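In UniProt numbering, the protein residues as written are 1 to 666. All residues carry an ideal CB built from backbone N, CA and C; glycine is no exception. Keep in mind it's a predicted model, so treat the numbers as computed, not measured. One structure is given below, encoded as structure tokens.
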């Protein structure tokens, strides 16, 4: 990977003033350097509204499984980029004079990395990166390509020998934030603060509570902790400096080109900078109003003794993710994708509020490969899902050829025990149709009051990343408007957490809202059935058993009290949507089967909108199709020579692990 020398252009307009601080002019505050194939045009330069010119709506959506470039850049490329950066702006190293009061290397400045390019989504938010104590500003390089597709990225560079105090750095960042907010007051501004940059980000948020800021703090406990080194009275000044030097060196990039950063004079200055920044941030934590995502890695940052716990308790609106198997330099870790984390915690938005429909970003190719090629690989091999679909003429075929290629489409089907079919369904459509299925999911997956239960990326984050939205008529309406593929489980939690002896039994309420909404938008409805749970799991303790145990019954009631009951008006077992966790025992794995029924075209069925009897007929037709599909699969799976996991393992040992295992003939 090649880099153009002097990636950072001339200062954006900072001049010294009396007292040693800096004032910043808003002329060209951030410059995106032209690529090697052409010159920069006016729309790519900062300082004007042209930079945010709206593109047509059809151009604003990213393709499903698009290549985000993640993984193509390594730490080696970081070293090359650092070597290509200018060491000074005509300073004494070349025997040139410099303005009085300005240190070698010039003042701090903003730059936009070439690799980020231009955002490929409409109304892309601004992302500012504040680096650690080294101040290079290139520590986000492994994420430039992926972030650049959905953000306007600007990085903050502090030259090696710069002596701008913390207050001056805060002023520069704060004025840039105010300038950008004045240009686009309705869009959020993201600030990624790595280590010391986290102190700076916190301070900016405290000073600007009226601006919509979203902070991502990466191991901010490092500098907050390190600043305390100098306060140990038992150490001599020389011992204090030596201890600080050792800690500081561990935070700096492992590149020899930055060796001059840790000269004695620079170390003393960095110590003062850390102290002032940490003291300011520590004293103002309770005043932060911004939305905060805290990422912690390395032994020193993790519970129970890490700084991350203290910060979470002090910050009002904070989510945290712990990465126990990662080092202190989290942004430089191979395989750590910052954009994936932001998407998973539902913090990517382009307006004042997160919109689960319009702010959704399609999964990338690297995310798909990581999720289904690594994280869920064993799960896929155990289930070995076999998918069949029905064409318009009623013929059942292997694969998904019977499913339309364009939306809006509504899938309505049976919810297996513990939703074990969901991941396989999502993977199958992404792999074969390059289509995201937008699932109507229970609100527990989006409840912020259970963040402490999810300390690492988990199933909750995975559900959001792959298109799930809180189930509601409004969200379904918005999805149909966008011609999306939507997945609805009328049986909901009652089916997914059914009792003993209720396998493959539908618990659909007598409510036809989705039928009328489908008719209004001309949606294609596809009933589907899936079987296989009885070949994998056996329920040994269900809800009927648990509610007879006082302690467990009280815990279940307390847990469900936090959620709005979606079916208060539904009588009987169909409305009994109680969240609990049944005790199950695994079986020798069988196989998972899907059958997607003949598409039901709702286009032109306007009588469904006003005729309740007609709507009920369509509703019961869909329900019957789902039951028939499951009956068909339960019968035909006995003809599958590869229903046994042993036979499938032998087949894949012969033809390779990626080979699709055959199934019965329809």
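Across the structure, residue 331 and residue 193 are spaced so that their CA atoms are roughly 11 Å apart. Here the segment 602-617 does not lie against the segment 535-552, with fewer than 3 beta-carbon pairs under 8 Å apart. DSSP places residue 169 inside the alpha helix (DSSP H), whose first and last residues are 166-183. Of the residues 529, 371, 404, the one whose Cα lies closest to the Cα of residue 415 is 529. With contacts defined as CB atoms closer than 9 Å, residue 403 and residue 439 fail to qualify as a contacting pair. In this structure, residue 523 and residue 408 form a Cβ contact; the two beta carbons are roughly 5 Å apart against a cut-off of 8 Å. With contact defined as three or more Cβ pairs closer than 8 Å, the segment 283-293 and the segment 201-219 are in contact. The segment 203-212 and the segment 368-379 do not touch, with fewer than three beta-carbon pairs separated by less than 8 Å.
Assignment of beta-bridge partners to residue 129 by DSSP yields 155, 192. Just so you know, the alpha carbons of residue 157 and residue 109 end up roughly 5 Å apart. The alpha-carbon of residue 663 is positioned some 29 Å away from that of residue 490. Contact check between the segment 578-592 and the segment 546-566: three or more CB pairs, one atom from each, fall below 8 Å, which counts as touching. Per DSSP, residue 623 lies in no beta strand (DSSP E); the unbroken alpha helix (DSSP H) holding it starts and ends at 612-636. Residue pairing for residue 654: DSSP places it in no beta bridge. Per the coordinates, the alpha-carbon of residue 369 lies some 41 Å from the alpha-carbon of residue 270.
With contacts defined by Cβ atoms closer than 9 Å, residue 526 and residue 410 form a contacting pair.
Residue environment analysis places residue 141 among the buried positions, since at least 16 neighbouring C-beta atoms fall within 10 angstroms of its C-beta. For a cut-off of 8 Å, the C-beta gap from residue 296 to residue 280 is around 21 Å, too long to register as a contact. The DSSP-derived three-state label of residue 553 is helix. Counting C-beta pairs closer than 8 Å gives three or more between the segment 64-83 and the segment 142-151, which meets the contact rule. A Cβ-Cβ contact shorter than 9 Å links residue 424 with residue 383. Linking residue 613 to residue 512 through their CA atoms gives a straight-line distance of about 10 Å.
Looking at the backbone, the Cα of residue 116 and that of residue 144 are separated by about 5 Å. Here DSSP, grouped into helix, strand and coil, assigns residue 520 to helix. At the C-beta level, residue 359 and residue 350 come within 9 Å of one another. 9 Å or more divides the Cβ of residue 172 from the Cβ of residue 128. The closest CA to that of residue 345, considering only 505, 552, 445, is found on 445. Residue 386 carries a strand assignment under DSSP once its states are collapsed to helix, strand and coil. Per DSSP, reduced to three states, the secondary structure at residue 376 is coil, with no helix or strand assignment.
A Cβ-Cβ distance of about 18 Å is found for the pair residue 624 and residue 519, leaving them out of contact under the 8 Å criterion. Closest in C-alpha terms to residue 78, from the list 118, 334, 153, 493, comes 334. Per the coordinates, the alpha-carbon of residue 635 lies some 30 Å from the alpha-carbon of residue 435. Apart from sequence neighbours up to five positions away, the residues of its chain that approach residue 642 with a beta-carbon distance below 8 Å are 384, 591, 648, 651, 661, 662, 663, ordered along the chain. For residue 84, the enclosing alpha helix (DSSP H) has its first and last residue at 75-84.
Nearest neighbour of residue 466 by Cα position, chosen from 357, 74, 166, 112, turns out to be 357.
When the five nearest sequence neighbours on each side are left out, the beta carbons in the same chain lying within less than 6 Å of the beta carbon of residue 547 are those of 553, in order along the chain.
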